[in-house]
Each structure stands twice: as structure tokens, then as C-alpha cells.
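My numbering puts the first residue of the sequence shown at 679, with every later residue one more than the last. Here's the structure, in C-alpha cells; my notes come after.
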Amino acid sequence: MEDEKAFSFIRIEDEPGYFLRPTKKQMSHLCPLHITTTLSGIKVNKVLIDGGTAISIFPERMLMKVGKHHDDLVPTNIAVTDFSRASSPAKGLVTLTVKVGSSERNIVFVVVPSKASYHALLG
679 MEDEKAFSFI RIEDEPGYFL RPTKKQMSHL CPLHITTTLS GIKVNKVLID
729 GGTAISIFPE RMLMKVGKHH DDLVPTNIAV TDFSRASSPA KGLVTLTVKV
779 GSSERNIVFV VVPSKASYHA LLG
């Protein structure tokens, strides 16, 4: 397969596999997955689901909206790099109880100073 046409390449059991670039029509359906969920008992919309991220992110501006304060943050030396490769230090870590449907889990979020359009990112 020509390299220009290959979007992604994987190898499964020594057999190469290719994913073709999506067509323009297919790309019109590629939208982020936002859900409404409950974070520590508070209903929050615009929660972005991204299975490709290594961490879950919580914008600093949302802390008080879920009943948390800067005093609740666990110190960390994590620096978060965004898609444009800009890096910024995290403000800390916070554990929130996340309820999606009937499933409820405690998730550690990295709190960052962010102006993102989402209210939380579940990685």
C-alpha cells in the first residue's frame, strides 16, 4: 500500500494492517463525543470522552462548581502537553466520583489552567 494513502499502520501477529484516510464525507461525521455526567454529585455537561489520552483532565475553573477548592488538590509535578505541543504545569490532582449511567467510579483528574470548551476530559 502506498504511504500517502495510509493513515495509520498496525501489525497484528506479523501481518501488516492499514487504516485508510477517511473520505471528506466520512470526516463530516468525525465529531468529539461529549456527554453529560455526574461529577461528585453535581450534574456536568460537555464532558469530553477521549480514549486516546493517557490522563483525565479537569479545568481549574470547574473546581468550585463541583464543590472542590485549591486546598483539595494533591501536589504533583506533572506537566501537561496539549495537541499544539504547548506545555503547562498542572495545578494538582483531584479525585472525583464520576457517574455515567449506572456505573460509578473514583477517577483521579489532573487539574490544569485551561480555557477549553469542555468541562472535563475523561481519558
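Ideal Cβ placement from N, Cα and C applies to all residues, glycine included. All values reported here derive from a predicted model rather than from experimental measurement.
Between the CA atoms of residue j and residue i - distance to the nearest angstrom
i: Thr701; j: Thr715; result: 32 Å
i: Leu771; j: Leu751; result: 5 Å
i: Asp749; j: Leu698; result: 48 Å
i: Lys746; j: Lys769; result: 13 Å
i: Ile727; j: Ala764; result: 21 Å
Three-state class that DSSP yields for residue i in the structure shown
i: Lys793; result: coil
i: Arg699; result: coil
i: Ser686; result: The predicted model places Ser686 with a pLDDT of 48, which falls under 50 and marks its position as unreliable; any figure quoted below should be read in that light. Strand.
i: Lys743; result: helix
Nearest candidate by alpha-carbon position, reference residue i, set the options
i: Pro767; options: Val725, Gly745, Ala757; result: Ala757
i: Pro710; options: Gly729, Gly719, Ala764, Val722; result: Gly729
i: Leu799; options: Gly745, Thr773, Ile733; result: Ile733
Sheet register partners of residue i (DSSP bridge)
i: Leu799; result: Leu726, Ile735
i: Arg783; result: Val776
Beta-carbon separation (whole angstroms), residue i vs residue j, contact threshold 8 Å
i: Val776; j: Leu717; result: 6 Å
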